[in-house]
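J.: One structure is given below, represented as structure tokens, and several questions about it will come after.
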Amino acid sequence: MDPGPVRPEVPRCSLCPAPAVLFQRQTGLYLCGIHATADICDRVAATIREESMIAPGDRVAVALSGGKDSTALLMILSRLLPSWEGVSLVAITIDEGIAGYRDDTVRSAERLVQSLGVEHHSIAFADLFGDTLDELLKGREKEACTVCGILRKKALIVAAEEAGATKLATGHNLDDEAQSVLMNVLRGDLPRLVRNTGAPSSGQFLPRIKPLMRIAEKEIATWLLVNNAWTDLPECPYARHALRREVRSLLSSLEYRHPGTMQHLMESKKKIETYCAGSFVEEPIRRCRACGDPCSGELCQLCQLKKTFGR
Ligand code: SF4
Ligand code: ZN
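Here my numbering runs 134 ahead of the position in the sequence shown, where the first position is 1.
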């Protein structure tokens with residue numbers, strides 16, 4: 135009798151007999167859903183510990199866009215929360231006002247905080263800046279991500295401070311960090327390349343932390359699928375103007391053909407940081423002469439941007 139087509143054998147988890155859902159190139163391990171989830175959680179906990187991201191008594195505001203990375207971040211931090219002394223979590227969502235995109239992600243964020251029982255604060259560009267991002271960008275669509283980034287940074291700080299947060303956690307993953315390294319190289323922005331590590335920033339700014347900075351996008355997708363939290367969400371309509379989109383596609387294809395590319399980029403950044411140690415004098419923190427926010431020049435980025443809008 136014809137045995138029929140031969141089915142390819144599903145790889146088994148290297149740690150138990152269950153079918154594998156993830157192959158980790160860095161360790162050579164195949165992992166099932168349970169072991170992949172536990173491994174991701176352990177590595178996030180180790181990153182937080184090694185980079186001293188969270189201290190007893192911290193109130194951590196998680197920037198929750200409702201997209202994949204921030205969803206995984208809030209789920210992982212909620213799971214780790216019982217092991218931290220006196221630490222509390224609060225989620226903050228910024229509604230930039232992007233038609234056909236933001237409504238879905240905001241709804242996804244609301245469903246998540248309800249299911250996890252996490253306190254949630256939202257703030258809209260329209261309330262904070264008087265207009266939605268769509269309105270502000272009319273005729274300036276190519277600058278979308280720069281404008282959005284500056285306004286969102288301010289909105290996140292306002293929302294985090296209103297929520298009484300002592301740290302602001304964002305969902306940047308390994309792929310995002312590697313993209314940022316390459317983008318800073320392509321822009322010739324060495325000072326920014328050697329700044330901006332995952333450790334909490336200090337000084338007069340609300341310290342920002344990136345607990346997922348060592349977790350690859352592929353692993354975050356696995357986490358969401360295994361934990362039934364995967365949702366297909368639309369892409370921001372302005373993303374097509376972004377340099378990041380091209381860098382992301384370039385790096386993904388390099389990573390596929392030359393495994394370890396992203397990790398090597400992060401290692402290069404560390405080496406450059408070491409070689410450059412002491413070469414860049416940190417500019418003293420000053421106060422913006424228009425709004426009083428901490429900044430490095432005469433005017434903060436937000437007030438410079440407002441001027442270009444004639445405000
Ligand atoms: Fe903002 Fe650009 Fe991200 Fe859209 S793609 S949400 S415009 S930063
Ligand atoms: Zn200012």
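Cβ coordinates follow ideal geometry from the N, Cα and C atoms, glycine included.
(1) State the DSSP-derived secondary structure class of residue 406, mapped to helix, strand or coil.
(2) Taking buried to mean at least 16 other C-beta atoms within 10 Å of its own C-beta, is residue 383 buried or exposed?
(3) Taking all protein chains shown into account, do 16 or more other C-beta atoms lie within 10 angstroms of the C-beta of residue 144, making it buried, or fewer, making it exposed?
(4) So does residue 164 have its beta carbon nearer than 7 Å to some heavy atom of ligand 1?
(5) Between residue 456 and ligand 1, is there a pair consisting of the residue's CB and a ligand heavy atom that are separated by less than 7 Å?
(6) Is DSSP giving residue 315 helix, strand or coil here?
(7) Does DSSP put residue 377 in a helix, a strand or coil?
(8) For residue 164, does the count of other Cβ atoms within 10 angstroms reach 16, so buried, or fall short, so exposed?
(9) Is any heavy atom in ligand 2 found nearer than 7 Å to the beta carbon of residue 427?
(10) Given that a residue counts as buried once 16 or more other Cβ atoms are within 10 Å of its Cβ, and exposed if not, what is residue 220?
(11) Could you tell me if residue 387 is buried or exposed, where buried requires 16 or more neighbouring beta carbons within 10 angstroms of its beta carbon?
(12) To the nearest angstrom, how far is the alpha carbon of residue 264 from that of residue 231?
(13) With C-beta atoms as the reference, is residue 250 less than 8 Å away from residue 259?
(14) Contact defined as beta carbons within less than 8 Å: I believe residue 174 pairs with residue 349. What is the distance between those atoms, to the nearest angstrom?
(15) Would residue 492 and residue 284 be called neighbours here (beta carbons separated by less than 8 Å)?
T.: In brief:
(1) By 1-based counting over the sequence shown, the position of residue 406 is 272. Here residue 406 sits in helix by DSSP.
(2) The residue given as residue 383 occupies position 249 in the sequence shown. Residue 383 should be labelled exposed.
(3) The count along the sequence shown starts at 1 and reaches residue 144 at position 10. It counts as exposed.
(4) In the sequence shown, counting from the first residue as 1, residue 164 sits at position 30. Result no, Cβ not under 7 Å from ligand 1.
(5) Not covered by the structure: residue 456. The range shown for the chain is 135 to 445.
(6) Mapped onto the sequence shown, residue 315 falls at position 181. Residue 315: helix per DSSP, three-state reduction.
(7) Against the sequence shown, residue 377 aligns to sequence position 243. Correct three-state label for residue 377: helix.
(8) Sequence index remark: in the sequence shown, residue 164 carries index 30 (1-based). With 16 or more other Cβ atoms within 10 Å, it is buried.
(9) Along the sequence shown, read from residue 1 onward, the residue named residue 427 stands at position 293. Residue 427 Cβ: within cutoff of ligand 2.
(10) The residue given as residue 220 occupies position 86 in the sequence shown. It is exposed - the Cβ of residue 220 has fewer than 16 other Cβ atoms within 10 Å.
(11) Here residue 387 refers to the residue found at position 253 when the sequence shown is read from its first residue. It is exposed - the Cβ of residue 387 has fewer than 16 other Cβ atoms within 10 Å.
(12) Position 130 of the sequence shown, counting from 1, holds the residue named residue 264. Position 97 of the sequence shown, counting from 1, holds the residue named residue 231. Cα-Cα distance, rounded: 11 Å.
(13) The residue given as residue 250 occupies position 116 in the sequence shown. The residue given as residue 259 occupies position 125 in the sequence shown. Against a cut-off of 8 Å, the Cβ pair of residue 259 and residue 250 comes out as no contact.
(14) Your numbering for residue 174 matches position 40 in the sequence shown. Your numbering for residue 349 matches position 215 in the sequence shown. Confirmed, Cβ separation roughly 6 Å.
(15) Only positions 135 to 445 of the chain appear in the structure, and residue 492 is not among them; the question remains open.
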